[in-house]
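Numbering (full-length UniProt numbering), first residue to last: 1 to 450.
This is the structure:
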């Protein structure tokens, strides 16, 4: 009896399949899913979570919190129960914490353990082990934690927590929600007031959720837009009931797919529209995309709506670099939309994309060029000359020239979407990475095409 090798690549050719029609609900927001488990594990009592994203990244966070003493159990599809240990009471894990491919889990948990009297080692897959952790190590070291990283500040690395840690005031040198969140999570168990100064606003799920769990957290906005976030340490967190809204980063692929596939009309239900995350919707509307919000509401402090998306004639624009932090993970999908638009789309200020799961600027430039798009790669962005709505040629059949995804889930999904708007289809070298954030992506795509 033969078993498929789980380490073998799973290539697939994504073909045009006619208009996309129907209603879908994308998995829960990854950022909120991670934080609901982490904060639930630090509260005393039971936190109940529904709509949790059950991708590999979030399951890595759940396993890590279990290893440090919390009880984290799945009670049904997307439904989880977390019995926390309380701030300051995390246990020393018996072995290294395996973060898989998840940079969010790694950086946030480094913050969490930095102010606890434990020693914790972090390991990850080949892709995660290439990603720099220095930007988190720097502020957490100022708080008193010590680190033994691999060369270049990378995984595997060991954190020796400080107890008591020292409160700091830290100005973020680069817009990063992960660095901000790591410092705030370290601040939870640090006596006194820890301050993060954020010159460029980034996603604010940590602030919203910390407040929701009862942390003493304040945000002051200065005249120039700088956000000054303070958290009072030695917090007591109270358990919560959380319904996780749909992930705007996952919705992005279906937004773009419906806009670029002739005859399409799709409703994406329950999408989180937190203004620090929803930049893509605004940019696609600027390009002429028909996206309507239905049933707008608020769930657990987060704005949510159903999005009605119809095929549209898109036009190229210059994307304001100021929106980059609010859609940093959605640029690969946007590049596909730009490749089908009429005219030139210019993006800049995207240096951050070079240190994601892959160098997303270089990889998307290569991938879209291989599919027949006209791309110019610059140091901090791409310039894309669109087809004016004409289908992309696609990748040639039978010559082994598949798109290299570099173990990056967003590259794989973006190029899958490009295949829908191509003549020959687009061959992706490996669909396995998609499971890290969106295990049901391919099934959902097929359902809309049926």
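All residues carry an ideal CB built from backbone N, CA and C; glycine is no exception. Note that the structure is predicted; figures quoted are calculated from it, not measured.
Could you check if residue 397 is buried or exposed, using at least 16 other CB atoms within 10 Å of its CB as the buried criterion? Residue 397 sits at position 397 when you count from the first residue of the chain shown. Residue 397 comes out exposed.
Tell me the DSSP secondary structure of residue 61 in three-state form.
Position 61 of the chain shown, counting from 1, holds the residue named residue 61. Residue 61 sits in a helix when the DSSP states are folded into three classes.
Exercise. Where does residue 169 land, buried or exposed, given buried means 16+ other C-beta within 10 angstroms?
Worked result: For the purposes of this step, residue 169 is taken as residue 169 along the chain shown, with counting starting at 1. Under this definition residue 169 is an exposed residue.
Exercise for review: Kindly examine the ligand HEM and report whether one of its heavy atoms sits closer than 7 angstroms to the Cβ of residue 270.
Suggested key: The ligand HEM is not part of this structure, which contains no ligands at all.
Just the Cα atoms here: how many angstroms apart are residue 127 and residue 409? Locating residue 127 in the chain shown gives position 127, where the first residue counts as 1. Locating residue 409 in the chain shown gives position 409, where the first residue counts as 1. Using only the alpha carbons, I get a separation of about 11 angstroms.
Handout entry: Nearest-angstrom beta carbon gap, residue 412 and residue 431 [assumed within contact, 8 angstroms]
Key = Walking along the chain shown from the start, residue 431 turns up at place 431. Walking along the chain shown from the start, residue 412 turns up at place 412. Sure, about 6 angstroms apart at Cβ, within 8 angstroms.
### Query
Between 92, 90, 159, which lies nearest to residue 123 when the distance is taken from Cα to Cα?
Residue 123 sits at position 123 when you count from the first residue of the chain shown. Across the set 92, 90, 159, the C-alpha of 159 shows the shortest separation from the C-alpha of residue 123.
Checking the sheet assignment: what are the DSSP bridge partners for residue 378? The residue given as residue 378 occupies position 378 in the chain shown. According to DSSP, residue 378 bridges with 381.
Would you mind reading off the limits of the alpha helix (DSSP H) that contains residue 208? Within the chain shown, residue 208 is the residue found at index 208, counting from 1. Counted as a single uninterrupted DSSP element, the alpha helix (DSSP H) harbouring residue 208 occupies residues 205–212.
Can residue 255 and residue 284 be called in contact, C-beta distance under 8 angstroms?
Position 255 of the chain shown holds residue 255. Position 284 of the chain shown holds residue 284. In this structure, residue 255 sits near residue 284, with a CB-CB distance shorter than 8 angstroms.
Checklist entry - So which of 315, 82, 61 has the shortest CA-CA distance to residue 50? => result Your numbering for residue 50 matches position 50 in the chain shown. The shortest Cα separation from residue 50 among 315, 82, 61 belongs to 82.
So for residue 13, helix, strand or coil by DSSP? In the chain shown, the residue the question calls residue 13 occupies position 13. The three-state secondary structure of residue 13, taken from DSSP, is strand.
Chain-order list of residues whose beta-carbon lies under 6 angstroms from that of residue 210 (same chain, five-residue window excluded)
Residue mapping note: residue 210 aligns to position 210 of the chain shown, counting from 1. Around residue 210: 217.
What is the C-beta distance between residue 100 and residue 131, in whole angstroms, given that I count them as a contact (C-beta under 8 angstroms)? The residue labelled residue 100 in the question sits at position 100 within the chain shown. The residue labelled residue 131 in the question sits at position 131 within the chain shown. Actually they are not in contact, since the Cβ atoms of residue 100 and residue 131 sit about 12 angstroms apart, beyond 8 angstroms.
*asked:* For the structure I just gave you, are there three or more beta carbon pairs, one from the region 58–74 and one from the region 257–274, closer than 8 angstroms?
replied: The region 58–74, when compared against the region 257–274, does not touch it at the 8 angstroms Cβ threshold.
For a test of the three-state rule: what should DSSP assign to residue 446, helix, strand or coil?
Numbered from its first residue, the chain shown carries residue 446 at position 446. Correct three-state label for residue 446: helix.
| query | Roughly how many angstroms separate the alpha carbons of residue 7 and residue 407, rounded to a whole number? | reply | Taking the first residue of the chain shown as position 1, residue 7 is located at position 7. Taking the first residue of the chain shown as position 1, residue 407 is located at position 407. Cα to Cα, the separation comes out at about 12 angstroms.
Problem - Cross-strand partners of residue 304 (DSSP beta bridge) - result: Walking along the chain shown from the start, residue 304 turns up at place 304. Residue 304 is bridged to 272, 297.
Closest by CA to residue 96, which one among 86, 118, 85? In the chain shown, counting from the first residue as 1, residue 96 sits at position 96. The residue with the shortest Cα to Cα distance from residue 96 is 118.
ask   = Fully enclosed by the region 123–183, which beta strand (DSSP E) runs are 3 residues long or longer?
value = You should have 146–150, 154–160, 169–171.
Where does residue 150 land, buried or exposed, given buried means 16+ other C-beta within 10 angstroms? Here residue 150 refers to the residue found at position 150 of the chain shown. So residue 150 ends up on the exposed side.
Name the DSSP bridge partner or partners of residue 79?
Residue 79 sits at position 79 when you count from the first residue of the chain shown. BP columns for residue 79 point to 76.
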